[in-house]
Amino acid sequence: MKNKLQLEGSIADIFDAEFGDYDSNIQFYIDLIEGDKILDLSCGTGRTIIPLSQQGFDCVGLDSSRTLLNHATEKAGMLPITFVLGDMRRFDLHQRFDLILLTGHTFQSFATISEQQRMLRCVRRHLNADGLFVFQMQNLTAALMHDDSNYAFWHTFKDKQGQKIKVFGKRQYDSDDSILTYRIKRSGQMGDSFSEMRLLLTPLDDVVEALQNEGMEVVHLFSDYQRSPHWKEADNII
């Protein structure tokens, strides 16, 4: 029987080790913004908001994890970023922004559509009249509705001590609740660790309607961060 894998480092260190210290899509956001005030929701370890601040933007990062915010604050050093501990579904920062970001698939991490709607309501209150809200979703394609019974290789990374970790995943789709569950296995020399990620796969038409209900409209639909036009079988919607 294999031992349970013990990854070296804090949760924040491990996150940065697996996904990189900084977001590789910074230029995408810079090309979109008109203005200088940016709010990064679920900012985590500061992968996105720190390089944006380095470019001279006035930045605020909000997250519900004090651990991740402490790590982000340490990474930011003397950069003038305001980090806020808060819930995306209920926050009031008493200011408006030219660009609000929700990176990764965080938009789909809410358990229900009503929770997504509450978050969108907060976003609308914090957007300037001509501001943009940019977020990413996993596209609800026919392929995602077919379960993976076996783990497939995803990628590798090295933890804080240089231990090589292989990451595998499989998925299961619940059509009744529109929930896609990823089961993730990280394997190293000392054993395996397991985790889950659940995404609410709201159809695009429903998301557009939810945005319109809060007084927002869709101005861009991309399938990747190279600004490729959206198409129905693309993996992602931005």
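If you count by the numbering used here, then the sequence shown holds residues 44 to 281, one letter each, in order.
Think of the CB as a built atom: it goes at the ideal place given N, C-alpha and C, for glycine as much as any other residue.
In this text the structure is predicted, and so the values were computed from the model without any measurement.
Between which two residues does the beta strand (DSSP E) carrying Tyr-225 extend?
222–231
Spatial neighbours of Pro-246 in its chain, beta-carbon cut-off 7 Å, leaving aside the 5 residues before and after
For Pro-246, where only same-chain residues beyond five positions count, the Cβ hits under 7 Å are Leu-183.
Member of Leu-244, Ile-156, Lys-209 and Ile-124 whose CA lies at the smallest distance from the CA of Ser-218:
Leu-244
In angstroms, rounded to a whole number, what distance separates the CA positions of Ile-143 and Gln-206?
36 Å
Assumed close pair Arg-133, Cys-165 - CB separation to whole angstroms, cut-off 8 Å
7 Å
Could you check whether Ser-96 and Cys-102 sit closer than 7 Å to each other, using their CB atoms as the reference points?
yes
Indicate whether the contact test is met: 3 or more Cβ pairs, each with one atom in the segment 249–259 and one in the segment 149–164, closer than 8 Å.
yes
Applying the criterion that 16 or more other CB atoms from any shown protein chain within 10 Å of the CB defines a buried residue, is Ser-287 buried or exposed?
Nothing about residue 287 can be read from this structure; the chain reaches only from 44 to 281.
Throw me the rounded Cβ distance for the Leu-105 and Gly-78 pair, which I believe falls under 8 Å.
Not a contact, Cβ separation roughly 18 Å.
Give the range of the alpha helix (DSSP H) segment to which Thr-116 is assigned.
109–119
List the endpoints of the continuous alpha helix (DSSP H) containing Ala-253.
247–256
What span of residues does the alpha helix (DSSP H) with Ile-69 cover, start to end?
69–75
So Val-177 and Tyr-72 are in contact, right, with Cβ under 8 Å, and what is the actual spacing, rounded?
7 Å
Which residue from Ala-154, Gln-159, Glu-239 and Ala-115 puts its Cα closest to that of Leu-145?
Gln-159
Quick check: what's the CA-CA separation for Ala-277 versus Arg-90?
Going by the C-alpha atoms only, they are around 25 Å apart.
Three-state secondary structure (DSSP) at Ser-266?
coil
So for Ile-280, helix, strand or coil by DSSP?
Residue state, collapsed to three classes: strand.
Could you pull out every unbroken alpha helix (DSSP H) segment of at least 4 residues lying fully inside the segment 152–215, listed in chain order?
Contiguous alpha helix (DSSP H) elements confined to the segment 152–215 occur at 156–169, taking only those with 4 or more residues.
Residue environment, Asp-83, which counts as buried when at least 16 other CB atoms sit within 10 Å
Per the 10 Å Cβ criterion, buried.
Would you kindly report the start and end of the unbroken beta strand (DSSP E) that includes Ile-124?
Segment: none, Ile-124 is in no beta strand (DSSP E) and carries neither H nor E.
Taking buried to mean at least 16 other C-beta atoms within 10 Å of its own C-beta, is His-114 buried or exposed?
buried
Measuring alpha carbon to alpha carbon, tell me which residue in Val-127, Phe-126, Thr-88 and Arg-139 is nearest Lys-80.
Arg-139
Residue nearest to Gly-99 in terms of C-alpha spacing, selected from Glu-117, Thr-116, Met-121 and Ser-85:
With distances taken between Cα atoms, Gly-99 lies closest to Met-121.
Does Ser-96 come out as helix, strand or coil in the three-state DSSP assignment?
helix
Compute the Euclidean distance between the alpha carbons of Lys-237 and Ser-157, then round it to the nearest angstrom.
Residue identity check: residue 237 is Phe in the sequence provided, not Lys. Distance between the alpha carbons of Phe-237 and Ser-157: 29 Å.
Beta-bridge pairing of Leu-243 - partner residues as DSSP gives them
Ile-222
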